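Position 590, counted from 1, in the sequence shown is what UniProt numbering calls 590; the numbers after and before it change by one each time, with no gaps. By construction, the Cβ of each residue, glycine as well, lies at the ideal position given by its N, Cα and C atoms. Values in this document were obtained by computation on a predicted structure and should not be read as measured data. Working notes for the structure below.
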Amino acid sequence: MRLLKTSVPKPDEYALRFKETYGSNIPPYAILSHMWSEGEEVLFQDVIQRQAKGRGLEKVLAAISRARADGYSYLWVDTCCIDKSSSAELSEAINSMYAWYEDAAICYAYLSDVPSTDKPLAEHSHFVRSRWFSRGWTLQELLAPNEVQFLSTDWTLLGTKDSLADVISRRTQIRPHILRRRSRIGDCSISERMSWAAGRETTRTEDAAYCLMGLFSVNMPLLYGEGRKSFQRLQEEIMRHSDDQSLFAWVSCDCTSNTESPHGLLACSATAFGFSEASSTVPYKSKRGRIPYAMTNRGLSIALHMMPVDNSETTYQVALECGLERLGDYAVIYLCRNDPDDDQFHRIKWHRLGAAQIQGAIMPVFVPQGPTSSQRRAAPLQLSFTIDHLSEPYELLGTQTLCDAATAETLSACPDEYRLLAPRRPGTPSAKLYIAYPPSRLQKKSLLTITLGFDRNGRPAFDAELLKSTTLENAKRERPLEKFWRPRLDPEFSGSAVLLQKHCLRVDFKRYERSGVDFLGVSIIAAHSHAWFVHRYFTAAGVPILLRSDREGPVPIPAEDDSEVSEQDEVALRETFRCDSIWKPSLAEKV
């Protein structure tokens with residue numbers, strides 16, 4: 001540790017003189033806390049070359065005089081006592097700085113923007129509005145020393161940390177008994193300590209993390225240029241020394257962010273801990289030994305108390321081992337499974353915290369901090385749809401996919417089996433089928449479209465509707481694939497039917513693998529209502545008729561009429577199609 005001597009220099013000596021100290025042989029010293037002024041500070045090279053000058057020199061000399069008057073032979077000043085041209089010395093100094101402030105006999109907090117006439121206890125005093133309280137590095141300089149004296153612009157004593165604890169607490173949200181050192185900082189939750197740094201600024205992005213190392217009793221190498229990754233590294237280092245899960249109890253204060261987008265368990269900055277309840281977060285002791293958690297190449301490996309919020313078992317409520325006094329017993333965050341068959345999750349709804357009185361079962365999971373490799377791909381994994389069955393006389397006129405033309409081309413020319421590649425992405429459409437009835441004479445309401453896709457849980461779903469268009473080209477313009485995706489039916493109800501005026505469609509999905517390709521077989525049973533609901537017309541004509549399922553062969557199509565499908569006919573339809581459920585669109589959804 002390099003210290004400045006405070007003794008009066010001899011006539012042939014320079015005003016600023018160093019003393020090198022090592023190990024435990026460090027004499028009592030005073031330490032300076034101040035706000036840097038760009039281009040005015042005295043640096044290590046200035047002292048060595050005897051070139052210190054200006055306001056920076058005046059500030060250091062005034063601090064030396066103050067320390068000498070208080071009986072201290074040595075003073076430490078960060079601007080000139082560290083050789084910043086040496087990366088090794090700079091790293092050692094920053095990793096040791098909290099301890100140096102903690103071991104100092106006294107700390108002088110010089111507030112260059114507060115006049116000596118100021119009354120610190122006044123509501124809108126210059127003291128509470130000083131920039132010193134908004135800087136990142138001054139947080140540890142406030143908390144670490146036993147004694148802090150606040151000095152005005154002309155070095156007049158304004159008060160001490162002890163005497164001004166209440167007003168400082170209102171300004172910083174640090175509880176007075178912490179400032180008076182009646183409670184150990186290490187007994188405060190990680191979330192509370194992080195909240196003290198929320199809103200504080202540093203000149204360099206990385207320093208927002210480096211200035212907090214001492215507050216959490218951790219050390220890590222300095223990597224200037226890594227940007228916000230430094231704050232992630234800080235949290236990872238904290239996890240190696242603590243299992244306090246309040247580290248995960250943060251919220252996003254950015255109203256422009258999409259809080260449904262994937263996010264890890266770690267915050268992007270201390271600002272995420274700036275919500276009002278963060279300072280009252282209490283870590284709980286585990287009833288059973290907690291499973292250690294660590295960062296892996298699949299994300300943060302951790303066992304959490306999780307409870308599914310619905311039957312899909314995709315979104316989970318996670319009860320952390322900490323509580324917010326205002327909200328309830330356990331602080332709650334929400335995780336969503338990345339893929340139905342995967343154990344990787346990401347955090348959603350990160351704009352808020354919930355509360356729960358029960359925890360749920362312990363579940364080991366992986367939570368990547370950034371996007372997973374699959375989430376980073378420009379093009380998602382491809383999956384082949386194969387149309388296994390389409391009832392006559394309906395015919396497939398064309399298809400659309402979100403892939404390029406080469407990828408989405410039909411894989412088989414067989415008229416009764418169509419195979420095409422389509423993207424598999426939860427919550428989005430994959431392919432659109434255009435079906436005509438009958439294809440030989442297209443007219444209004446005889447062209448249908450079936451959209452195949454996946455719901456938010458990654459399971460197959462479909463949509464169907466009638467089109468006004470009478471040509472395939474117009475139909476594609478009327479209902480493009482990327483729009484009008486409304487997966488109406490939960491895919492758990494396999495075999496559900498859709499009734500579109502006089503058309504009934506039943507879509508079944510079957511997954512299988514062929515030659516190493518993942519296929520999703522689609523079976524479409526379709527019928528026109530006239531083929532099923534004309535009993536009264538045939539009876540009146542005295543013509544007996546046996547209605548057959550299209551699985552047994554095509555059904556004769558009688559002459560058209562404008563009759564509506566009755567409730568009784570719907571029951572017959574459900575039985576014929578062996579449907580567990582049937583959906584009928586509202587008038588607003590009819591084309």
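Checklist entry - Given residue 61, which residues of its chain have a CB within under 7 Å of its CB, disregarding the five upstream and five downstream residues? => result 15
Item to check | Buried versus exposed call for residue 283 [16 or more other C-beta atoms within 10 Å across all chains shown] | outcome: buried
Checklist entry - From residue 173 to residue 34, what distance separates their C-alpha atoms? => result 21 Å
Next on the checklist: Rounding to the nearest angstrom, what Cα-Cα distance links residue 188 and residue 244 in this structure?
Outcome noted: 10 Å
Checklist entry - Can you tell me whether residue 651 is buried or exposed, with buried defined as 16 or more other CB within 10 angstroms of its CB? => result Lying outside 1 to 591, the shown extent of the chain, residue 651 is not represented and no answer is given.
Next on the checklist: Measuring only the C-alpha atoms, how far is residue 100 from residue 39?
Outcome noted: 25 Å
Next on the checklist: Does residue 292 pass the burial test, meaning 16 or more other C-beta atoms within 10 Å, or should it be called exposed?
Outcome noted: exposed
Next on the checklist: One question on the structure: do residue 448 and residue 466 come within less than 8 Å of each other, judged by their Cβ atoms?
Outcome noted: yes
Item to check | residue 273 versus residue 520 - alpha carbon distance | outcome: 46 Å
Checklist entry - Curious, which full-length beta strand (DSSP E) runs of at least 3 residues does the segment 1–46 contain? => result 2–5, 18–20, 30–33
Next on the checklist: Within 10 Å of its beta-carbon, does residue 11 have 16 or more other beta-carbons around it, so buried, or fewer, so exposed?
Outcome noted: exposed
Next on the checklist: On a Cα-Cα basis, can you pick out the residue from 119, 46, 31 that is closest to residue 85?
Outcome noted: 46
Next on the checklist: Can you give me the C-alpha to C-alpha distance between residue 336 and residue 239, rounded to a whole angstrom?
Outcome noted: 22 Å
Checklist entry - For residue 146, which of helix, strand or coil comes out of DSSP? => result coil
Checklist entry - In chain order, what residues of the same chain lie with their CB nearer than 7 Å to the CB of residue 356, ignoring the 5 residues before and after it? => result 317, 319, 328, 329, 330, 332
Checklist entry - Given a threshold of 16 other Cβ atoms within 10 Å of its Cβ, counted over all protein chains shown, does residue 154 qualify as buried or as exposed? => result exposed
Item to check | Where residue 598 falls, given that 16 or more other Cβ within 10 Å makes a residue buried | outcome: Since the first residue of the chain shown is 1 and the last is 591, residue 598 is not available in this structure.
Checklist entry - Within 7 Å: the Cβ of residue 155 and any heavy atom of the ligand ZN? => result The ligand ZN is not part of this structure, which contains no ligands at all.
Checklist entry - Is it the case that the Cβ atoms of residue 213 and residue 304 are separated by a distance below 8 Å? => result no
Item to check | For residue 401 and residue 96, the rounded distance between their alpha carbons | outcome: 60 Å
Item to check | CA nearest to the CA of residue 526, picked from 395, 458, 294 | outcome: 395
Checklist entry - Between the C-alpha atoms of residue 594 and residue 289, what's the straight-line distance to the nearest angstrom? => result Nothing in the structure corresponds to residue 594, since the chain is present only between 1 and 591.
Checklist entry - Are the CB atoms of residue 6 and residue 72 nearer to each other than 8 Å? => result yes
Item to check | Burial state of residue 611 (16 or more Cβ within 10 Å) | outcome: The structure shown does not extend to residue 611, since the chain spans only 1 to 591, so no value can be given for it.
Next on the checklist: Between residue 179 and residue 168, how many whole angstroms is the CB-CB distance? I'm expecting something under 8 Å.
Outcome noted: 6 Å
Item to check | Rounded Cβ spacing between residue 77 and residue 63 (contact assumed at less than 8 Å) | outcome: 7 Å
Next on the checklist: Quick test of your reading: residue 115 and residue 163, contact by CB under 8 Å. State the CB separation rounded to the nearest angstrom.
Outcome noted: Going by Cβ atoms, the distance from residue 115 to residue 163 rounds to 19 Å, so no, they are not a contact pair.
Checklist entry - Can residue 369 and residue 300 be called in contact, C-beta distance under 8 Å? => result yes
Next on the checklist: Using C-beta distances below 8 Å, list every residue in its chain close to residue 340, excluding the 5 sequence neighbours before and after it, in chain order.
Outcome noted: 314, 457, 458, 459
Checklist entry - Of the residues 285, 265, 277, 281, which one's Cα is nearest the Cα of residue 302? => result 265
Checklist entry - Is it right to say residue 158 is buried, meaning 16 or more other beta carbons lie within 10 angstroms of its own, or is it exposed? => result buried
Next on the checklist: Quick check on residue 323: buried or exposed, where buried means 16 or more other Cβ atoms within 10 Å of its Cβ?
Outcome noted: buried
Next on the checklist: Rounded to the nearest angstrom, what separates residue 19 and residue 27 at their Cα positions?
Outcome noted: 10 Å
Next on the checklist: If you follow the beta strand (DSSP E) that residue 103 is in, where does it begin and where does it stop?
Outcome noted: First-last for residue 103: 87–103, but that is the alpha helix (DSSP H), not the beta strand (DSSP E).
Checklist entry - Just the Cα atoms here: how many angstroms apart are residue 510 and residue 438? => result 27 Å
Checklist entry - To which residues of the same chain is residue 192 closer than 7 Å at the C-beta, ignoring the five residues directly before and after it? => result 278, 279, 281
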